[in-house]
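*Asks:*
2 protein chains.
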Amino acid sequence: MMSPEILLRKHKLRNTGCRKDILKLFQQEKAALAHCDIEKRLSHHYDRVTIYRTLNTFLESGLIHKVLDHSGATKYALCGHECSDIKHRHEHVHFQCKQCHTTECLERLEIPAICLPEGYQAQEVNLLIEGLCPECRKKP
Amino acid sequence: MMSPEILLRKHKLRNTGCRKDILKLFQQEKAALAHCDIEKRLSHHYDRVTIYRTLNTFLESGLIHKVLDHSGATKYALCGHECSDIKHRHEHVHFQCKQCHTTECLERLEIPAICLPEGYQAQEVNLLIEGLCPECRKKP
DNA sequence: GTTTATGCAAATTCTTTGCAATACT
DNA sequence: AGTATTGCAAAGAATTTGCATAAAC
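Chains E and B are the protein sequences, given in the same order. Take 1 as the starting number for the first sequence in our numbering and just add one per residue. Take 1 as the starting number for the second sequence in our numbering and just add one per residue.
Given below as structure tokens:
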């Protein structure tokens, strides 16, 4: 996994504490994170506004992507290696647990080809599967 | 198509003006509607709060469902005939145009079966396809 | 007549903007 | 040194809550 410093440099972003810490957090967590998750889990305190701005910067540079969610919360996750400057792969499959509301990227899963009606042109495909995650299924 | 009155009765909801008008609107529009779309398009004026409450009531009774969206706006659409009291089919395919931001349900499309990793249990599957709709593709 | 929905006011939450101080290159 | 980022204050959306009035059953 690439270090936050190198990742930032690669995307032509300045190496600030907030950005490094948030990137590190994304790399540690396999689950998608909402603004409030990030705010809570960062050991150093950063202003709420700074976190919003950092997330938007990361979105624009293609470091992270929005993760679909029925709960209304905006969640984000790191873009995989597939998303380089050259080629962006935007076939995201996410799984959200209905019990613990954790959302994870299932990077290995491929979305099968879908036949759109005449006239439609697909550019991005996102699949959200909701159900029970392994941990919650074990619980009573 | 079932009349709003009968549809409401079927879901054990009171037949009020606001509910009937909003249901009628959903039946006319094939696209998914956000709160603000509904507020704008209703001929009779209802309080913003009443519209919020109506949408939540419809959600709880399974008359409508949330439509996934990357823009952050919460959109809703009527549940198809497949969603009866007995059997709920929650395989939603939606298409959102990147130009006009219209979202429509593609009810006819089936989502191909997906193999989840060990331990995961799927209950609902949602597919969001983004791209250009037929109308926007014609434009220059 | 009883229960439920509506409208209004106000509170909460989420997100963005402006600007001076600070940190990065 | 010059430019971009941060924190703070405040503004602006989106959504929820409480309560009295009005409408549905």
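Where is the CB? At the ideal position from N, CA and C, for every residue including glycine.
What separation, rounded to the nearest whole angstrom, lies between the Cα atoms of S3(E) and H65(E)?
*Replies:* Along the first sequence, one-based indexing puts residue 3(E) at 3. Along the first sequence, one-based indexing puts residue 65(E) at 65. If I take the Cα positions, the gap works out to 19 Å.
*Asks:* Is any beta-carbon of chain B found at less than 9 Å from that of E60(E)?
*Replies:* Numbered from its first residue, the first sequence carries residue 60(E) at position 60. Cβ-Cβ to chain B under 9 Å: no for E60(E).
*Asks:* Does DSSP put Y52(B) in a helix, a strand or coil?
*Replies:* Translated into the one-based positions of the second sequence, residue 52(B) becomes position 52. Of the three classes helix, strand and coil, the one that applies to Y52(B) here is helix, per DSSP.
*Asks:* Could you work out which residues of chain B lie near L68(E), taking near to mean beta carbons separated by less than 9 Å?
*Replies:* Residue mapping note: residue 68(E) aligns to position 68 of the first sequence, counting from 1. Per Cβ cutoff of 9 Å: L68, D69, H70, N126, L128.
*Asks:* Between I86(B) and the rest of its own chain, which residues show a CB-CB distance below 7 Å, the 5 nearest in sequence each way excluded?
*Replies:* Against the second sequence, residue 86(B) aligns to sequence position 86. Any reading at I86(B) must be qualified, since the residue scores a pLDDT of 45, below 50, and its modelled position is unreliable; the value itself is stated next. Nothing listed; no residue qualifies.
*Asks:* Indicate the three-state DSSP secondary structure (helix, strand or coil) for Q99(B) in the structure shown.
*Replies:* Within the second sequence, the letter at position 99 stands for residue 99(B). Reduced to three states, the DSSP call for Q99(B) is coil.
*Asks:* Is the region 116 to 136 of chain E touching the region 111 to 127 of chain B, taking contact as three or more C-beta pairs under 8 Å?
*Replies:* Yes, the region 116 to 136 of chain E is in contact with the region 111 to 127 of chain B.
*Asks:* Answer yes or no: does any C-beta atom of chain B fall closer than 9 Å to that of E39(E)?
*Replies:* Here residue 39(E) refers to the residue found at position 39 when the first sequence is read from its first residue. Chain B, which has no Cβ nearer than 9 Å to the Cβ of E39(E), makes this no.
*Asks:* To the nearest angstrom, report how far apart D69(B) and K40(E) are at their CA atoms.
*Replies:* Numbered from 1 along the second sequence, position 69 holds the residue referred to as residue 69(B). Numbered from 1 along the first sequence, position 40 holds the residue referred to as residue 40(E). Using only the alpha carbons, I get a separation of about 26 Å.
*Asks:* Determine the DSSP secondary structure at G17(E), reduced to helix, strand or coil.
*Replies:* Residue mapping note: residue 17(E) aligns to position 17 of the first sequence, counting from 1. Helix at G17(E).
*Asks:* Which residues in the same chain have their Cβ closer than 8 Å to the Cβ of E5(E), if we skip the five residues on either side of it in sequence?
*Replies:* Locating residue 5(E) in the first sequence gives position 5, where the first residue counts as 1. Here the set comprises N15, K20.
*Asks:* With three or more beta-carbon pairs closer than 8 Å as the criterion, would you say the region 94 to 102 of chain B touches the region 44 to 61 of chain B?
*Replies:* The answer is no - the region 44 to 61 of chain B does not touch the region 94 to 102 of chain B, with fewer than three Cβ pairs under 8 Å.
*Asks:* Please work out which residues of its chain come closer than 7 Å, Cβ to Cβ, to I38(B), disregarding the five sequence neighbours upstream and downstream, and give them in chain order.
*Replies:* Within the second sequence, the letter at position 38 stands for residue 38(B). Only I22, L25, I51 meet the Cβ criterion.
*Asks:* Establish whether the CB of R48(B) and some CB of chain E are separated by less than 9 Å.
*Replies:* Position 48 of the second sequence, counted from the start, is the residue given in the question as residue 48(B). No, its Cβ sits nowhere closer than 9 Å to a Cβ of chain E.
*Asks:* Out of S71(E), P134(E), K75(E), state which residue places its alpha-carbon closest to the alpha-carbon of A34(E).
*Replies:* Counting from 1 along the first sequence, the entry for residue 34(E) is found at position 34. Selected option, being the one with the closest Cα: K75(E).
*Asks:* Taking the alpha helix (DSSP H) that K139(B) falls in, what are its first and last residues?
*Replies:* Within the second sequence, residue 139(B) is the residue found at index 139, counting from 1. Taken as a continuous stretch (DSSP letters only), K139(B) belongs to no alpha helix (DSSP H), as it is neither H nor E.
*Asks:* When DSSP labels each residue in this structure, what does C36(E) get in the three-state scheme?
*Replies:* Within the first sequence, the letter at position 36 stands for residue 36(E). It is helical.
*Asks:* Mark H94(B) as exposed unless 16 or more other C-beta atoms lie within 10 angstroms of its C-beta, in which case mark it buried.
*Replies:* Residue 94(B) sits at position 94 when you count from the first residue of the second sequence. Per the 10 Å Cβ criterion, buried.
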